[in-house]
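Q:
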Amino acid sequence: MRKLLILSITLLLAGCARYSLVEPGTTSAGAMSVTPTQAWNKATGGFLGREYWTQDGTALNVILFINGIADGEPLFKARKTAQFGAFRATMLPHEIMELTESSLAKAFGSTATATSNLRPVEFMGATGFAFNYSFVTQADVPTRGLARGVVKDGKLYMILYQAAETYYYEAGLPEAEQIMNSARES
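Okay, structure coming up:
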């Protein structure tokens with residue numbers, strides 16, 4: 004019984020994300036370099052196969068980096084990748100927005116999702132796209148998000164910022180936009 008308890012605790016701790024400090028200034032975020040003006044906590048384990056940062060905890064705010072997804076790959080990686088739709092290099096921005104919405108709904112177990120305000124923007128030195136999204140988490144936390152992305156050389160690069168709707172989204176939006184505006188290829 005004691006061995007089972009020790010094994011259970013070890014497995015629980017192994018599943019917990021570890022964090023490292025990301026100082027303000029230009030830094031690498033996978034295939035991108037970005038320039039945050041505030042300190043962030045980078046998770047070493049990633050989320051669904053993607054690098055993410057948080058300032059106040061993942062239930063409150065997250066910046067998720069999607070780096071160079073090739074044709075046929077899912078937006079997020081999970082044990083059962085079939086549950087997520089696949090990116091296609093020929094997708095138009097509205098199709099990428101729909102893929103993101105369905106992937107987030109599955110990732111967060113939400114049935115209340117919405118996307119809006121699809122528009123062209125400069126991202127990583129090219130004309131890309133941006134859109135807003137929202138969903139309610141399984142813990143009933145209304146969450147708002149901003150996505151910016153581009154398809155370059157047949158690969159998808161995107162940054163998602165999402166935060167709890169009450170206080171955290173608006174409070175963190177200027178910093179998230181700064182990070183998105185600074186994104187460049189590494």
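Numbering (the working numbering), first residue to last: 4 to 189. Just so it is clear, CB atoms sit at the ideal spot from N, CA and C, and this is done for glycine as well.
Assign M183 to one of three DSSP states: helix, strand, or coil.
A: Taking the first residue of the sequence shown as 1, we reach residue 183 at position 180. M183: helix per DSSP, three-state reduction.
Q: Between which residues of its own chain and R53 is the CB-CB distance below 7 Å, once the five residues before and five after are set aside?
A: Within the sequence shown, numbered from 1, the residue matching residue 53 stands at position 50. Excluding sequence neighbours, R53 sits near L67, F68, I69, F79.
Q: Name the one or two DSSP bridge partners that F68 has.
A: Residue 68 sits at position 65 when you count from the first residue of the sequence shown. Its beta-bridge partners are E54, I162.
Q: Provide the residue(s) that pair with M35 in DSSP beta bridges, ordered along the chain.
A: Along the sequence shown, read from residue 1 onward, the residue named residue 35 stands at position 32. In the DSSP output, where bridge partners are listed per residue, M35 has A32, E188.
Q: Let me know the secondary structure DSSP gives N116 once reduced to three states.
A: If you number the sequence shown from 1, residue 116 lands on position 113. At residue 116 the sequence reads Thr, which differs from the Asn that was named. Strand.
Q: Could you give the distance in angstroms between the alpha-carbon of S119 and the alpha-carbon of V139?
A: Translated into positions along the sequence shown, residue 119 becomes position 116. Translated into positions along the sequence shown, residue 139 becomes position 136. Going by the C-alpha atoms only, they are around 16 Å apart.
Q: I need the straight-line Cα distance from I99 to T57, nearest angstrom please.
A: The sequence position of residue 99 within the sequence shown is 96, counting from 1. The sequence position of residue 57 within the sequence shown is 54, counting from 1. Roughly 24 Å between the two C-alpha positions.
Q: Rounded to a whole number of angstroms, what is the C-alpha to C-alpha distance between T29 and E178?
A: Locating residue 29 in the sequence shown gives position 26, where the first residue counts as 1. Locating residue 178 in the sequence shown gives position 175, where the first residue counts as 1. Rounded to the nearest angstrom, the two C-alpha atoms are 14 Å apart.
Q: Scan the region 89-137 and note each continuous beta strand (DSSP E) run of 3 residues or more that stays entirely inside, going in chain order.
A: Within the region 89-137, the complete beta strand (DSSP E) runs of at least 3 residues are 116-126.
Q: Residue range of the beta strand (DSSP E) that Y170 falls in?
A: As a position in the sequence shown, residue 170 is number 167, starting the count at 1. Note, Y170: premise wrong, no beta strand (DSSP E); not H, not E.
Q: Tell me the rounded alpha-carbon separation between K155 and V144.
A: Position 152 of the sequence shown, counting from 1, holds the residue named residue 155. Position 141 of the sequence shown, counting from 1, holds the residue named residue 144. Cα to Cα, K155 sits roughly 34 Å from V144.
Q: Can you list, in chain order, the residues of its chain whose CB lies under 8 Å from that of A117, leaving out five sequence neighbours each side?
A: By 1-based counting over the sequence shown, the position of residue 117 is 114. Answer for A117: E104, Y136, S137, F138, listed in chain order.
Q: Need the endpoints of the beta strand (DSSP E) that R151 sits in, please.
A: One-based indexing of the sequence shown puts residue 151 at position 148. Looking at the DSSP string, the run of the beta strand (DSSP E) that includes R151 is 145-155.
Q: Could you pull the start and end residues of the beta strand (DSSP E) that K45 belongs to?
A: Looking up residue 45 in the sequence shown gives position 42. Counting along the chain, the beta strand (DSSP E) containing K45 begins and ends at 43-46.
Q: Please return the same chain residues whose Cβ sits closer than 6 Å to the Cβ of P39, not counting the five positions on each side in sequence.
A: For this step, residue 39 is matched to residue 36 along the sequence shown. Within the same chain, P39 has close Cβ partners P27, I182.
Q: For a test of the three-state rule: what should DSSP assign to T84, helix, strand or coil?
A: Position 81 of the sequence shown, counted from the first residue, corresponds to residue 84. With a pLDDT of 48 at T84, under the threshold of 50, the predicted position of this residue should be treated as unreliable, though the coordinate-derived value follows. T84: helix per DSSP, three-state reduction.
Q: Quick check on the DSSP output: the beta strand (DSSP E) that includes L78 runs from which residue to which?
A: What you label residue 78 is simply residue 75 of the sequence shown in a count that begins at 1. No beta strand (DSSP E) holds L78; DSSP gives it neither H nor E.
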